[in-house]
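Reading through the structure tokens given below for one structure.
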Amino acid sequence: MNWLLMHSSALLIAIPLFAAFLAPLIDRVNKKAMNVFVIAVLIITQIIMMILAWDVFTGITHVYVMGASNPAAAIPAQAAVPVRIVFEVDGMGAFMGLISTTISLAAAFYSIAFVKKETGQGRYYTLLLLMVVGMIGMEFTGDIFNLFVFLEILSISSAGLIAFRFYHGDAVEGAFKYIVISSLGALMVLFSIGLLYGQYNLLNMAALASVMKYTVLDKIALALLVAAFAMKCGAVPMHMWTPDAYTIAPAPITAMLVVASQVSLYALFRVCFTLYGMTLNLTTIGIIIIALGLLSMFVGVTMALPQKDIKRLMSYHAISQTGYMLLGVGVGLYLLGQSDFDTYGMKAMEGGIFHIINHAMYKGLLFLTAGAIFYRIGTRNLNEMGGLAHSMKCTTVFFIIGALAIAGIPPFNGFASKLLIYESAYHVSPILSIIAMLVSIITLASFVKVFHSAFMGPPMEGVEAREVPKSMLLGMSILTAGIILFGLFPDIVVSNIVHPAVQALADQAGYINSVIGGV
Amino acid sequence: MIYNLPFFAVALLIAVGMYAIIFRRNLIKIAIGIILVESGVNLFLITLGYREGGVAPIYTNLPPGIEIPGGMALPVPQALTLTSIVIGVAVTALILSFIMRIYRHYGTLDSRKIRRLKE
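Which chain is which? The protein sequence lines are A and B, in order. Per our numbering, the first sequence starts with residue 80, numbered consecutively. Per our numbering, the second sequence starts with residue 21, numbered consecutively.
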């Protein structure tokens, strides 16, 4: 058990990476065996992640050095700074890791039936497992260059999966947009890594943070990093790739892409809080993040209203929900270091971070229900569907739960995190809360429209709309169970999972200490 | 001035690449733009590690009279550049294969005509 815990952060990368390249080989022998293998690998990953998270949430930061005789010591005996590849898992990393593994597991269950008729399933699961590797790697790495490498692994595998149904020409169109944006963003990240390395001769985040001087070059690097990660997470001025890529990817992949963009959000927060932290001009950066959040919320939801394509509509809502996370954490960043931070700045960040996990679950669920509709009736156009509640009863229930959760209706989890954001943003400026509530109402309105046109009315003629296969229902029910549990017991979740994550994010000195030991 | 020449080359490469990505309509030209930006960033990384008159950082094959480590080129930026080149090859291959598929479906490479998703 101790051995497992000690090496868990490396195993979480190694197991899916190894399995990714084993999957197509097993696919050659037997298709069923490969499905079982992929699910088993993801369940093992999930269990290791839970063991690691359990330990991290008690307040211990895990440091793992690749290839060292003592993996817990970041600085080798003869050196003064960390020179090897270092993984560092604190509360925030473990929190994001839990989201990634859970959604991937649900997506893999769903995929079994969803891609049954497609060819090239071995490669599909290879890319899916590589996405898991990229996400976990970005969350755990303590090194800015590895952040770039895992970012590229994540973008390349996601682009491959967006184009998975390449016989629809538009799938490749969406994937092309995605890969151009991601590779440009990644090159901006690499350029700013060069700027930081050129000044400090360091790549380790903790060591960099401890010597950060906030020179002009650092400011340029910060601007590039914020722009690149905001672009990758789909914040508004750079959001144009999101609806195209989300619409056209297979539904389980869309659910994973939502998490992938949240991982970029995590990288954005990591750069702001850990890498720069107290040296930043916090008020300015805080206001920029809040402004990005408000823009994303408002533009996303207004663009969603006129959409006719069910997945495109949901994609615009994904943009608008990202705005809530930016708003919550932006308020926290704005107040960081002031006396108000402990009272409501912390609450705002808890709201923003809690919203990440809630959004991953309900938006994942909504995309999966949209995929279920597409799977049965073969269209995403809202005008061509109707009366599905007659024949797809489980899907209807899942859709209602997801729609109520995204609109922030009380018994579900969206309400819990949105309330935290409303309450705390109000102290900074009442306008912020008013806009946030307004956006919630418009969200509800547009989901009422979707519900009405897809599920109500007389049954469709000429199309046999039956309930979807069991594996898809299983994938959706994993997420639904999460939504209901998190909605019923938000206080337990906030104090045990979200609070350690926020504390880890806000505590820059603790992060530096755990790697380079109080230098 | 002369020592800053590589940095001007970096700026030029990135500017030309960005121009191609933003203003060109042909997908192949967009791909070339990305490759140009990537070369610019790689050149930037490799320039950071350069030392005038420095030798390769290999201890076993060191000419006499070289100061350690001041007389050696920095090895880390070279390792970073190598990694970045490998990733760049993968991205370029992926982009070009997407362009091939798009051409097969749409019969054009003009990005203004490839907008089936928006309709």
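Using N, Cα and C, we set each Cβ at its ideal position, and we do this for glycine too. Note that the structure is predicted; figures quoted are calculated from it, not measured.
Worksheet item: Would you report the Cα separation of residue 216 of chain A and residue 97 of chain A, rounded to the nearest angstrom?
Response: In the first sequence, counting from the first residue as 1, residue 216 of chain A sits at position 137. In the first sequence, counting from the first residue as 1, residue 97 of chain A sits at position 18. Going by the C-alpha atoms only, they are around 14 angstroms apart.
Worksheet item: Given residue 361 of chain A, which residues of its chain have a CB within under 7 angstroms of its CB, disregarding the five upstream and five downstream residues?
Response: Taking the first residue of the first sequence as position 1, residue 361 of chain A is located at position 282. Around residue 361 of chain A: 412, 413, 415, 416.
Worksheet item: Taking the C-alpha atoms as reference points, what is the distance between residue 588 of chain A and residue 31 of chain B?
Response: Within the first sequence, residue 588 of chain A is the residue found at index 509, counting from 1. Within the second sequence, residue 31 of chain B is the residue found at index 11, counting from 1. Their backbone Cα atoms lie some 36 angstroms apart in a straight line.
Worksheet item: Is the beta carbon of residue 594 of chain A sitting closer than 8 angstroms to the one on residue 167 of chain A?
Response: For this step, residue 594 of chain A is matched to residue 515 along the first sequence. For this step, residue 167 of chain A is matched to residue 88 along the first sequence. Going by beta carbons, residue 594 of chain A and residue 167 of chain A fall inside the 8 angstroms limit.
Discussion item. Going residue by residue through the segment 153–214 of chain A, where are the continuous beta strand (DSSP E) segments of at least 3 residues, counting only ones entirely within it?
Written reply: Fully enclosed beta strand (DSSP E) runs of 3 or longer: 165–168.
Discussion item. Is there a Cβ of chain A sitting closer than 8 angstroms to that of residue 103 of chain B, yes or no?
Written reply: If you number the second sequence from 1, residue 103 of chain B lands on position 83. Proximity of residue 103 of chain B to chain A, defined by a Cβ-Cβ separation below 8 angstroms, is satisfied.
Discussion item. For residue 337 of chain A, list the residues DSSP reports as bridge partners.
Written reply: Locating residue 337 of chain A in the first sequence gives position 258, counting from the first residue. The partner list for residue 337 of chain A (beta bridge, DSSP) is empty, contrary to what the question assumes.
Discussion item. Could you tell me the alpha carbon to alpha carbon distance between residue 123 of chain A and residue 577 of chain A, rounded to whole angstroms?
Written reply: Within the first sequence, residue 123 of chain A is the residue found at index 44, counting from 1. Within the first sequence, residue 577 of chain A is the residue found at index 498, counting from 1. Straight-line Cα distance between these residues: approximately 23 angstroms.
Fill in: Three-state secondary structure (DSSP) of residue 126 of chain B
The count along the second sequence starts at 1 and reaches residue 126 of chain B at position 106. Helix, per DSSP.
Fill in: CB contact check: residue 235 of chain A to chain B, cutoff 8 angstroms
Numbered from 1 along the first sequence, position 156 holds the residue referred to as residue 235 of chain A. So yes, residue 235 of chain A belongs to the interface.
Worksheet item: Taking the C-alpha atoms as reference points, what is the distance between residue 514 of chain A and residue 55 of chain B?
Response: If you number the first sequence from 1, residue 514 of chain A lands on position 435. If you number the second sequence from 1, residue 55 of chain B lands on position 35. Spanning the two alpha carbons is a distance of roughly 42 angstroms.
Practice prompt. Using the Cα positions of residue 53 of chain B and residue 36 of chain B, report the straight-line distance between them to the nearest angstrom.
Written response: One-based indexing of the second sequence puts residue 53 of chain B at position 33. One-based indexing of the second sequence puts residue 36 of chain B at position 16. Going from the Cα of residue 53 of chain B to the Cα of residue 36 of chain B covers about 7 angstroms.
Item to complete: For my contact list, residue 455 of chain A and residue 330 of chain A are in at a C-beta cut-off of 8 angstroms; report their separation, rounded to the angstrom.
Response: Position 376 of the first sequence, counted from the first residue, corresponds to residue 455 of chain A. Position 251 of the first sequence, counted from the first residue, corresponds to residue 330 of chain A. 12 angstroms between Cβ atoms; not a contact.
Worksheet item: What in chain B is Cβ-close to residue 323 of chain A, meaning under 7 angstroms?
Response: Start at 1 with the first residue of the first sequence, and residue 323 of chain A comes out as number 244. Chain B residues near residue 323 of chain A: 137.
Worksheet item: Are the beta-carbon atoms belonging to residue 179 of chain A and residue 378 of chain A less than 8 angstroms from one another?
Response: One-based indexing of the first sequence puts residue 179 of chain A at position 100. One-based indexing of the first sequence puts residue 378 of chain A at position 299. For residue 179 of chain A and residue 378 of chain A, no; Cβs fall outside 8 angstroms.
Item to complete: Would you list, in sequence order, the uninterrupted alpha helix (DSSP H) runs of no fewer than 4 residues that lie entirely inside the segment 291–367 of chain A?
Response: 295–312, 320–327, 330–349
Item to complete: Could you check the C-alpha separation between residue 278 of chain A and residue 296 of chain A for me, to the nearest Å?
Response: Here residue 278 of chain A refers to the residue found at position 199 of the first sequence. Here residue 296 of chain A refers to the residue found at position 217 of the first sequence. Straight-line Cα distance between these residues: approximately 8 angstroms.
Item to complete: Please state whether DSSP places residue 598 of chain A in a helix, a strand or coil.
Response: Residue mapping note: residue 598 of chain A aligns to position 519 of the first sequence, counting from 1. Only weak support is given to the placement of residue 598 of chain A: the predicted model assigns it a pLDDT of 43, under 50, and the value that follows is read from those uncertain coordinates. Looking at residue 598 of chain A - three-state DSSP - the assignment turns out to be coil, as it is neither helix nor strand.
Worksheet item: Which residues of chain A have a Cβ atom closer than 7 angstroms to the Cβ of residue 58 of chain B, listed in chain order?
Response: Along the second sequence, read from residue 1 onward, the residue named residue 58 of chain B stands at position 38. Neighbours of residue 58 of chain B in chain A, taken as residues whose beta carbon is under 7 angstroms from its own, are 266 in chain order.
Fill in: Where residue 599 of chain A sits in the DSSP three-state scheme
The structure shown has nothing for residue 599 of chain A, since chain A only spans 80 to 598.
Worksheet item: Buried or exposed: residue 596 of chain A, going by 16 or more other Cβ atoms within 10 Å of its Cβ?
Response: Within the first sequence, residue 596 of chain A is the residue found at index 517, counting from 1. It is exposed - the Cβ of residue 596 of chain A has fewer than 16 other Cβ atoms within 10 Å.
Item to complete: Step through the CB atoms of chain A and report whether any lies within less than 8 angstroms of the CB of residue 107 of chain B.
Response: Working through the second sequence from its first residue, we reach residue 107 of chain B at position 87. So, interface residue.
Discussion item. Less than 8 angstroms between C-beta atoms, sequence neighbours within five positions excluded: which residues of the same chain meet that for residue 241 of chain A?
Written reply: In the first sequence, residue 241 of chain A corresponds to position 162, counting from 1. Counting only residues of its own chain and dropping the five nearest sequence neighbours on each side, residue 241 of chain A has a CB closer than 8 angstroms to the CB of 250, 253, 254, 257, 324, 327, 328, 332, 336.
Worksheet item: Would you say residue 231 of chain A faces chain B, with C-beta separation under 8 angstroms as the test?
Response: On the first sequence, position 152 is the one that residue 231 of chain A refers to. So, interface residue.
Worksheet item: Which residues does DSSP pair with residue 115 of chain A in a beta bridge?
Response: Translated into the one-based positions of the first sequence, residue 115 of chain A becomes position 36. Per DSSP, none; premise fails for residue 115 of chain A.
Practice prompt. Given a cut-off of 8 angstroms, decide if residue 121 of chain A and residue 177 of chain A are closer than it, judged by their beta-carbon atoms.
Written response: For the purposes of this step, residue 177 of chain A is taken as residue 98 along the first sequence, with counting starting at 1. For the purposes of this step, residue 121 of chain A is taken as residue 42 along the first sequence, with counting starting at 1. No, these two residues do not count as a Cβ contact at 8 angstroms.
Worksheet item: Would residue 128 of chain B count as contacting chain A if we go by Cβ distances under 8 angstroms?
Response: The residue labelled residue 128 of chain B in the question sits at position 108 within the second sequence. Judged by the 8 angstroms Cβ criterion, residue 128 of chain B is not in contact with chain A.
Worksheet item: Whose C-beta lies closer than 6 angstroms to the C-beta of residue 583 of chain A among residues of the same chain, with five residues either side of it excluded?
Response: Within the first sequence, numbered from 1, the residue matching residue 583 of chain A stands at position 504. Cβ neighbours of residue 583 of chain A beyond the five flanking positions: 169, 170, 171.
Worksheet item: residue 75 of chain B bridges to which residues according to DSSP?
Response: Counted from its first residue, the second sequence places residue 75 of chain B at position 55. DSSP, once it has assigned bridges, lists B:92 as partnering residue 75 of chain B.
Worksheet item: Does the distance from the C-beta atom of residue 45 of chain B to that of residue 104 of chain B stay below 8 angstroms?
Response: Sequence index remark: in the second sequence, residue 45 of chain B carries index 25 (1-based). Sequence index remark: in the second sequence, residue 104 of chain B carries index 84 (1-based). No; because the gap between Cβ atoms is not below 8 angstroms, this pair is not in contact.
Fill in: Which of helix, strand or coil DSSP assigns to residue 531 of chain A
One-based indexing of the first sequence puts residue 531 of chain A at position 452. DSSP places residue 531 of chain A in helix when its eight states are reduced to three.
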